Amino acid sequence: MRTRKIMNSPAYAEAAAEEMINSRSFWVDARMRFFKNKMAVVSLTMLFLLALFAAFGQVFAQWSYEEIDWSLLGKIKEQGGPNWENGHYFGVDELGRDLYARVVQGSRVSLLVGFLAGILAVCIGSTMGAIAGYYGGRTDQIIMGAFNITLSIPYIIFFVVWQAFFGRSLEQMILVMVIINWTAGLLIVRGQVQTLKNKEFIDAARMLGMSDAKIIFKHILPNMLWVIVIYMSISIPEMIMYESLVSFLGVGIQEPNTSWGALISEGAKTMTFGTLWQLGYPAAFFVIAQVSLYYIGDGLRDALDPKER
Amino acid sequence: MLNYSLRRMMAVIPTLFILIVICFFLMRLAPGGPFTSERPLPPAVMKNVLERYGLDEPLYVQLWTYIKNILFHFDFGPSFSQKDRTVNDLIAQGFPVTLTYGFFSAVFVLVLGIPLGVVAALRHNSFWDYVMTGLAIFSQIFPNFVLAPIMVLLFTLSWGLLPGGGWNGGQWPYVIMPAVALGTSYMASVARLTRGSLLETLSAPYIRTARAKGLPERTVLWRHALKPSLLPVISYMGPVFVYMITGSVFIDVFFSTGGIGQNFIDAAYTRDYSVILGLAILYSVLTFALTLMVDLVYAWIDPKVRSGLK
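Sequences listed follow chains C and E, in order. Under my numbering, the first residue of the first sequence carries the number 360, and numbering increases by one thereafter. Under my numbering, the first residue of the second sequence carries the number 512, and numbering increases by one thereafter.
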């Protein structure tokens, strides 16, 4: 009777509510913090729209990205600008191809390469980091040696060498980016695992006879997933930038396929003729993507990193 | 200290060796080559060409000759696609150019980045602090290959202040834009790093002590706070140099400075193996040397590391 009375009191309800707030799980908590960050939410929306644009933008295009509009050749400077009437929403490029369709295609390639290479590289990097940190000793030495060698190789140089010899397909590009960046997140995951593996709950799991793989994936991984998520958010815009830089240099994606970097490069070459839209549109898309990814990364860091709280 | 330096230098040798070997085999094993063209050469001609460049020998002999020539004669061999020019010629011609604006770019990064960071830290949450935060975000979003066209658009095409490319023997108007375009984003990073670490140092107890005993703010800053705050900046300069070296490839191509980056990309197009390999080695050596230099300076300045080395 008395307990019920206590449970019905407003003070108890308040305490219970507080208890429930405090026992929110880490991820629910992080999600709330992330969505409270206005910049991050706006950026996430922007990125989502960009992804939609890349995926379905072709539906609205009246030209394909390879097609040349012969009627505009020779008068691109005067009539090739953005024009709703002839279906070239963003104008045409130097060769008379529809820039809207090309920007859609470029967004596809850039986002695909960036996300795929970024996520794959961090997966490999954190697996290696986890192995190095967990086993230590000789394994650790070998992995750290390889890590140091990789760090001291200039990225773009290796990228260009690779592209020069293995052709310039999309798959090759993703592959070489993953190879160069296999160290992404390695160091921080290694450090995290080194501290985690000496905790009591890991000892307990080991005493219960769990295998190493099971310990790593079931007990250690969930505890450092936030590090990996943060690292991916840093790594993806970086990959988009590398891809664009290499395509800008002309050794990345191959014509008639295109990417933001290749489009910016074409635009930069022709800007002396006054066809500024050829630089403006791809550059704007690139910048929007980078801004969004920057603020999403920022928001994720604020939401997930225990030090930031 | 000497011991440490030597040990670090020794570690470079195997790394470089592995790199050379990997690049060498990548090139020789890749399909196609500098002499594959749409109209195949007659076998007799092909044989002569291969003999001329020593490509008919077994791979390990080629590798050994290559390394031997570099080590003992500092000879990177002839260019495959540009007749009667050697890789050494290309390097001798292009490298000083890249080095010149690279040097000015590094000066720009340090001379502007550090003071900006100091001002932002001292006037925390002031106008300058916001300028710097803005600059840091800006430089993240506008990498050099977006920044450079915009700069050319403004300074050359709109206002006609600076030449939009070329080198012209390295006269200063021609150096400014490559150096600034290469350095801006690292300048912002250096400024942000300086700001962060100075803010942290300024809240340390020993700074409070220095203030409490009545030292003028100037002395507190210059003698006590600044030096330890610059340590992270110095260690950050290692990666910055690496990024700047790779960034210089882009600058060479975009501004047509005639630096080695241009040769490197051209060689990638024409599959000019010896040029690619020679320049890749040069870039790597440069990377190692600069990283080593930064590490040594760091070890020399930081008392903690210095005493740990003895």
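The C-beta atom is built at its ideal place from N, Cα and C for all residues, glycine as well. Keep in mind it's a predicted model, so treat the numbers as computed, not measured.
- Residues of the segment 640-668 of chain E with a Cβ closer than 9 Å to any Cβ of chain C, in chain order: Ile648, Gln651, Ile652, Phe653, Pro654, Asn655, Phe656, Val657, Ala659, Pro660, Ile661, Val663, Leu664, Thr667, Leu668.
- Within its own chain, the residues whose Cβ lies closer than 6 Å to the Cβ of Tyr654 of chain C, once the five positions on either side in sequence are excluded, are Met398, Ala399, Ser402, listed in chain order.
- Distance from the CA atom of Ala414 of chain C to the CA atom of Val751 of chain E, rounded to whole angstroms, is 36 Å.
- For the segment 614-636 of chain C, the set of residues with a beta-carbon nearer than 8 Å to any beta-carbon of chain E comprises Gly620, Ile623, Ser624, Gly626, Ala627, Met630, Thr631, Leu635, in chain order.
- Membership of Ser603 of chain C in the alpha helix (DSSP H) is indicated by the continuous run 580-607.
- One thing to note: Leu458 of chain C has its Cβ within 8 Å of the Cβ of Gln637 of chain C.
- Beta bridge pairing from DSSP links Asn559 of chain E with no other residue.
- Secondary structure at Asn507 of chain C: helix, using DSSP grouped into helix, strand and coil.
- The DSSP-derived three-state label of His447 of chain C is strand.
- For the C-beta of Ile512 of chain C, the chain E residues within less than 8 Å are, from N- to C-terminus, Leu530, Ser795, Thr798.
- The segment 637-651 of chain E makes no contact with the segment 799-816 of chain E, as fewer than three CB pairs between them are under 8 Å.
- Its chain contains Phe449, Leu458, Val462 as the residues whose beta carbon lies nearer than 7 Å to that of Tyr640 of chain C, once the 5 sequence neighbours on both sides are disregarded; these appear in chain order.
- By the rule that beta-carbons nearer than 8 Å mark a contact, Leu470 of chain C does not touch chain E.
- In the three-state reduction of the DSSP assignment, Asp457 of chain C falls in the strand class.
- Contact of Ser594 of chain C with chain E is not assigned, every C-beta pair being separated by 8 Å or more.
- Only buried fits Tyr697 of chain E, as 16 or more other CB atoms lie within 10 angstroms of its CB.
- Taking a 10 Å sphere around the C-beta of Met583 of chain C, we find 16 or more other C-beta atoms and assign the residue as buried.
- Going by beta carbons, Ala543 of chain C and Ala489 of chain C fall outside the 8 Å limit.
- In terms of CA proximity to Arg539 of chain E, C:Ala523 leads the group C:Ala523, C:Arg660, C:Thr631.
- Residues of the segment 770-785 of chain E that bring their beta carbon within less than 8 Å of a beta carbon in chain C comprise Phe775, Ile776, Ala778, Ala779, Tyr780, Arg782, in sequence order.
- Rounded to the nearest whole angstrom, the C-alpha separation of Trp733 of chain E and Leu713 of chain E is 12 Å.
- DSSP places Ala420 of chain C in no alpha helix (DSSP H); its state is neither H nor E.
- Listed in chain order, the positions of the segment 567-597 of chain C with a beta carbon within less than 9 Å of a beta carbon of chain E are Pro596.
- One thing to note: Val657 of chain E has its Cβ within 8 Å of the Cβ of Ile623 of chain C.
- Taking a contact to require three or more Cβ pairs closer than 8 Å, the segment 553-566 of chain C and the segment 593-612 of chain C do not qualify as touching.
- Taking 8 Å as the cut-off, the Cβ atoms of Thr617 of chain C and Gly439 of chain C do not count as close.
- Spatial neighbours of Leu663 of chain C in its own chain (CB-CB distance under 7 Å, excluding positions within 5 residues in sequence) are listed in chain order as Ala389, Trp585, Val588, Ile589.
- A direct Cα-to-Cα measurement between Leu704 of chain E and Phe385 of chain C gives close to 30 Å.
- Against chain E, the CB of Gln649 of chain C has a partner CB under 8 Å away; the residue lies at that interface.
- Distance between Leu621 of chain E and Ser590 of chain E, taken at the CA atoms: about 37 Å.
- In this structure, C:Gly433 is the residue among C:Ile478, C:Gly477, C:Gly433, C:Arg467 with its C-alpha nearest to the C-alpha of Arg456 of chain C.
- Take the alpha-carbon of Glu562 of chain E and the one of Leu793 of chain E: they are about 26 Å apart.
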